[in-house]
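Peer 1: Below you'll find the structure I mean.
Number of protein chains: 2
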Amino acid sequence: MTDGRPRSPGRGTRLDPWFDSYAERAHGMRASEIRALFAVASRPEVVSLAGGMPFIAGLPMGTIAEATERLLRERGAQALQYGSGQGEPELREPIVEVMDLEGVEAHPDDVVVTTGSQQALDIVTRIFVDPGDVVIAEAPSYVGALGVFRSYQADVVHVPMDEGGLIPEALEEALLAMRAARRRVKFIYTVPNFHNPAGVSLAAERRAAVVEVAARYGVLILEDNPYGLLGFDGETTPALQGLNPDGVVYLGSFSKTFAPGYRVGWAVAPHAVRERLVLAAESSILCPSMMSQLSIATYLQTCDWRGQIKIYRETYRERRDAMLSALAEFLPDCSWTVPEGGFYTWVTFPDGLDAKDMLPRAVTARVAYVPGTAFYADGQGSGYARLSYCYPTPERIREGVRRLAGVVTGERELVEMFGTGGGGRIRGVLNPKPNQE
Amino acid sequence: MTDGRPRSPGRGTRLDPWFDSYAERAHGMRASEIRALFAVASRPEVVSLAGGMPFIAGLPMGTIAEATERLLRERGAQALQYGSGQGEPELREPIVEVMDLEGVEAHPDDVVVTTGSQQALDIVTRIFVDPGDVVIAEAPSYVGALGVFRSYQADVVHVPMDEGGLIPEALEEALLAMRAARRRVKFIYTVPNFHNPAGVSLAAERRAAVVEVAARYGVLILEDNPYGLLGFDGETTPALQGLNPDGVVYLGSFSKTFAPGYRVGWAVAPHAVRERLVLAAESSILCPSMMSQLSIATYLQTCDWRGQIKIYRETYRERRDAMLSALAEFLPDCSWTVPEGGFYTWVTFPDGLDAKDMLPRAVTARVAYVPGTAFYADGQGSGYARLSYCYPTPERIREGVRRLAGVVTGERELVEMFGTGGGGRIRGVLNPKPNQE
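Residue numbers (our numbering), protein chains in the order written: chain D, 235 to 671; chain L, 235 to 671.
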């Protein structure tokens, strides 16, 4: 992975006549560890604790279906037409109301609607990052963001977190080190609420410190907040953006509070940055889907979206509880974070276990997770895994953790027999190939 | 525009604290000339011959609304969920059938579904183009593609067209010159059918020659074909892709044959290229909208999409006829191409007229067009304009051309009074500021 040679992203035995034509950046693009898992996770016999799919079966589909029919009947010629690159004002206005719940100060003019917040990550990185620039990210960090940073040839510098999220002193240390090394830091990427994958939140009392350190070093903050409204106690913590609107680009999404199938997220940015984001978005997709935007605007108008978020919170709290009690029962030798919202817990395996090496055995035992290495830009994280509780039922979660415990027990016995780290050394023995790609 | 200084994309008087943080590529991103026009074109008193909005009012909205309601009721939990990065097989299969009408050889596995074909342009350029690489494009070329190439810091080399489209001998000359200059040419970008903006098509007998020249020089072809099924005689010309599937990346779109509001296009690429495109697409948007994809799959299953394309062809032919007869009546001193399909004609103004300088006067006279300079990477094109006939009614088209003729007459008188090119020299006199933006 670090031998400097470009990887073939797929079946490596086929000759690629265009291999010499690719851009430098293309050689850094590779399939994420999560991606290969999608094929596994979709097999019904596997309990997937890997994916981040929200549990949308509880949405009021009948009401949504009727409202959508009316939208197409009454305003079809608008809904099916091109729109503006920045996004429809009719949606940007309620987005401002949604953000108000978390203390984000914004006007609809400050909002850029994107194809999911993934596209917002892409265009922010596109306008800021030259190859070799530094992006600071939490350790661990969101795998989809790391993929974007890599595709723009950024160097990611990880800053440690603890139970209270990003550590302000460690952030300052990293910024100081970068300054001393004369490296250009373009932004600090953070998921402050119900972190993906770590399951922790940035403590309220640390937020001013993080904003202050960033401002003092003249570095922008990229605040990614898809889960902020999914706190199990129903409380929200003020966004970093509200503490310094000129120093933060804020990303939001309807994927977790409503549904991901429309691919609608957004960015809020200081005025001049926002203008450049619109240009980058237009270059990238011309304009976001009008049908998606008006569908969501209609949902916000006609459905009890606050009530739906409450339902989501209750659903995910029940599943989080199932996850935590199963972990306590079946994996007492592991440790894990206790999420107060969101989709994920971060599990630390006993010494000597390598979560990536163990994954094929887990899949054979019909349980899937994402190994910790996926969430680091630098190969760290082999002793960890992200377990998600958002999609399976509480019973399936319990069964999944039970299966995982069997795998961990087996793996520990092998490690004890062959020594710590043996899993890596005698790969052929310890890691039977999974029965899928 | 060529003074090497970055442009502020908007109100330049505001200070931008992040100005020094932008990536090199961001400085090349600027608002297209079409973009500023959107605000004008939407004012009801202006006849817009500028936009490329399809006339979708004739779609069977009732049927579409009902089918969409059923989709959400019966399969809502799938339609509103995340999907795969490559796109839904249920849509990739009928896409192969659609392409079969134009001789494209493809399997559903070869197709990548994108957020409009603009995203396909973006990811193809992303995986192939390093700063300073050459992209060959027709003269003139699609403004949205030129924006993408610029944002990846490509150097665009234009190759002339005539009534039969791209000239194979000129293409070879350009490739030879690039080889002599040791420049890396990454691909040849072409819109072979009903060209945007030129309104011409690549003659059937030239297609093999273009493919052969590209193959001989080892250069990929990027074939962009949004209009191929909109030929007024109902005939199609075989795609370049069918002549050499390993040497062509083919782009298609539902924006003109169905509706742009879903933002669904696609790319077909040789196997290894396709795998990299999927990675780039995932990095860019994670996955295309499942709701959009299933909506279109449903439309293709439940509606007479071939019949709808026939309706589009007839609508646009009637408007093309209105455009051509108005041009003959009101602008006898201009010349123009005679499109056999698609949305656009390319008008050559009398010597001495500058279409960009003239635009503010045209807007004042309540008619809008896109000046030719928008379609060149190098500042050429001031004597031309793209007129589109896709959206306004025949009566409005006639009225728009009549207004344009008044502007041209006035402009010619001024040019005769002040000399050729005078428009540029005494800008303040000849070009009153438009009363917007």
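A virtual CB, placed ideally from N, CA and C, is assigned to each residue, including glycine.
Using a C-beta to C-beta distance shorter than 8 Å, which residues of chain D count as neighbours of Arg510(L)?
Peer 2: What Arg510(L) touches in chain D: Pro243, Tyr256, Ala260, Met263.
Peer 1: Evaluate contact between the stretch 548-555 of chain L and the stretch 411-426 of chain D, counting only Cβ atoms and requiring at least three cross-stretch pairs below 8 Å.
Peer 2: no
Peer 1: Rounded to whole angstroms, what is the Cα-Cα separation between Asp367(D) and Ile290(L)?
Peer 2: 45 Å
Peer 1: When you check each C-beta in the stretch 349-373 of chain L against every C-beta of chain D, which residues fall closer than 8 Å?
Peer 2: With the criterion set as a beta carbon lying under 8 Å from some beta carbon of chain D, the members of the stretch 349-373 of chain L are Thr349, Gly350, Gln352, Gln353, Asp356, Arg360, Ile361, Phe362, Val363, Asp364, Asp367, in sequence order.
Peer 1: For the 8 Å Cβ check, are there 3 or more pairs between the stretch 425-434 of chain D and the stretch 294-308 of chain D?
Peer 2: no
Peer 1: Ignoring anything shorter than 3 residues, give me the beta strand (DSSP E) runs that lie fully in the stretch 406-445 of chain L, in order along the chain.
Peer 2: 419-424
Peer 1: Does any residue of chain L bring its CB to less than 8 Å from the CB of Pro342(D)?
Peer 2: no
Peer 1: Is it buried or exposed, Asp344(L), if we count other Cβ atoms within 10 angstroms and call 16 or more buried?
Peer 2: By the neighbour-count rule (16 or more Cβ atoms within 10 Å), Asp344(L) is buried.
Peer 1: Looking at C-alpha atoms only, which residue of Pro594(L), Leu621(L), Cys537(L), Pro605(L) is the closest neighbour of Leu561(L)?
Peer 2: Leu621(L)
Peer 1: Are any of the Cβ atoms in chain D nearer than 8 Å to that of Pro504(L)?
Peer 2: yes
Peer 1: When the Cα of Glu574(L) is compared with those of Tyr618(L), Gly468(L), Gln352(L), Glu279(L), which residue comes out closest?
Peer 2: For the residues Tyr618(L), Gly468(L), Gln352(L), Glu279(L), the minimum Cα distance to Glu574(L) belongs to Gly468(L).
Peer 1: Give every residue of the same chain whose Cβ lies closer than 8 Å to the Cβ of Arg637(L), excluding the five residues on either side of it in the sequence, and list them in chain order.
Peer 2: Val281, Ala596, Ala599, Arg600, Val601
Peer 1: Below 7 Å CB to CB, which residues in the same chain sit around Ala589(D) once its five sequence neighbours on both sides are set aside?
Peer 2: Phe583, Pro605, Gly606, Ser616, Gly617, Tyr618, Ala619
Peer 1: Does any residue of chain D have a CB that is nearer than 8 Å to the CB of Ala291(L)?
Peer 2: yes
Peer 1: Which first and last residues belong to the beta strand (DSSP E) in which Val483(L) is found?
Peer 2: 482-487
Peer 1: Tell me the start and end of each unbroken beta strand (DSSP E) in the stretch 547-614 of chain D that is at least 3 residues and wholly inside, in chain order.
Peer 2: 578-582
Peer 1: If I measure Cβ to Cβ from Leu249(L) and keep anything under 8 Å in the same chain, skipping five residues before and after, which residues do I get?
Peer 2: Correct list: empty, nothing qualifies.
Peer 1: Taking all protein chains shown into account, do 16 or more other C-beta atoms lie within 10 angstroms of the C-beta of Val641(L), making it buried, or fewer, making it exposed?
Peer 2: buried
Peer 1: Kindly indicate which residue of Asp254(L), Pro504(L), Val363(L), Trp539(L) has the alpha-carbon position closest to the one of Thr491(L).
Peer 2: Trp539(L)
Peer 1: Between the stretch 442-459 of chain D and the stretch 381-396 of chain D, do at least 3 Cβ pairs fall closer than 8 Å?
Peer 2: no
Peer 1: State the DSSP-derived secondary structure class of Glu372(L), mapped to helix, strand or coil.
Peer 2: strand
Peer 1: Identify every residue that forms a DSSP beta bridge with Ile455(D).
Peer 2: Ile422(D), Val482(D)
Peer 1: Just how far apart, CA to CA, sit Leu456(D) and Asp480(D)?
Peer 2: 12 Å
Peer 1: Can you have a look at Asp567(L) and say buried or exposed, based on whether 16 or more other CB atoms are within 10 angstroms of its CB?
Peer 2: Here Asp567(L) is exposed: its Cβ has fewer than 16 other Cβ atoms, across all protein chains shown, within 10 Å.
Peer 1: Should Pro278(D) be labelled buried (16 or more other beta-carbon atoms within 10 Å of its own) or exposed?
Peer 2: exposed
Peer 1: Taking C-beta pairs closer than 7 Å, name the residues in chain L that Pro626(D) reaches, listed in chain order.
Peer 2: Correct list: empty, because the minimum Cβ distance to chain L is about 14 Å.
Peer 1: Reducing DSSP to helix, strand and coil, say where Gly399(L) ends up.
Peer 2: Strand, per DSSP.
Peer 1: At the 8 Å Cβ level, is Arg545(L) part of the contact set with chain D, yes or no?
Peer 2: The sequence given here places Ile at residue 545(L); Arg does not occur at that position. Not closer than 8 Å to any Cβ of chain D, the Cβ of Ile545(L) fails to qualify, so no.
Peer 1: Closest Cβ-Cβ distance between Val382(D) and chain L: below 8 Å?
Peer 2: At a cut-off of 8 Å between beta carbons, Val382(D) contacts chain L.
Peer 1: Since Ala257(L) and Ile357(L) are thought to touch, with beta carbons under 8 Å apart, how far apart are those beta carbons, to the nearest angstrom?
Peer 2: 18 Å between Cβ atoms; not a contact.
Peer 1: In chain D, which residues lie with their C-beta within 7 Å of the C-beta of Thr302(L)?
Peer 2: Thr302, Glu303, Leu306
Peer 1: Answer with buried or exposed for Ala608(D), where buried requires no fewer than 16 other C-beta atoms within 10 angstroms of its C-beta.
Peer 2: buried
Peer 1: I need the boundaries of the beta strand (DSSP E) containing Pro332(D), first residue and last residue.
Peer 2: In the sequence as presented, Pro is not what sits at residue 332(D); that position holds Val. From DSSP, Val332(D) is part of no beta strand (DSSP E) but of the alpha helix (DSSP H) over 323-334.
Peer 1: Mapping the DSSP letters down to three states, classify Gly262(D) as helix, strand or coil.
Peer 2: helix
Peer 1: Among Pro394(L), Arg360(L), Gly476(L), which one has its Cα closest to the Cα of Tyr386(L)?
Peer 2: Arg360(L)
Peer 1: Return the chain-ordered list of same chain residues with a C-beta closer than 6 Å to the C-beta of Leu380(L), the five sequence neighbours on each side being excluded.
Peer 2: For Leu380(L), where only same-chain residues beyond five positions count, the Cβ hits under 6 Å are Ala611.
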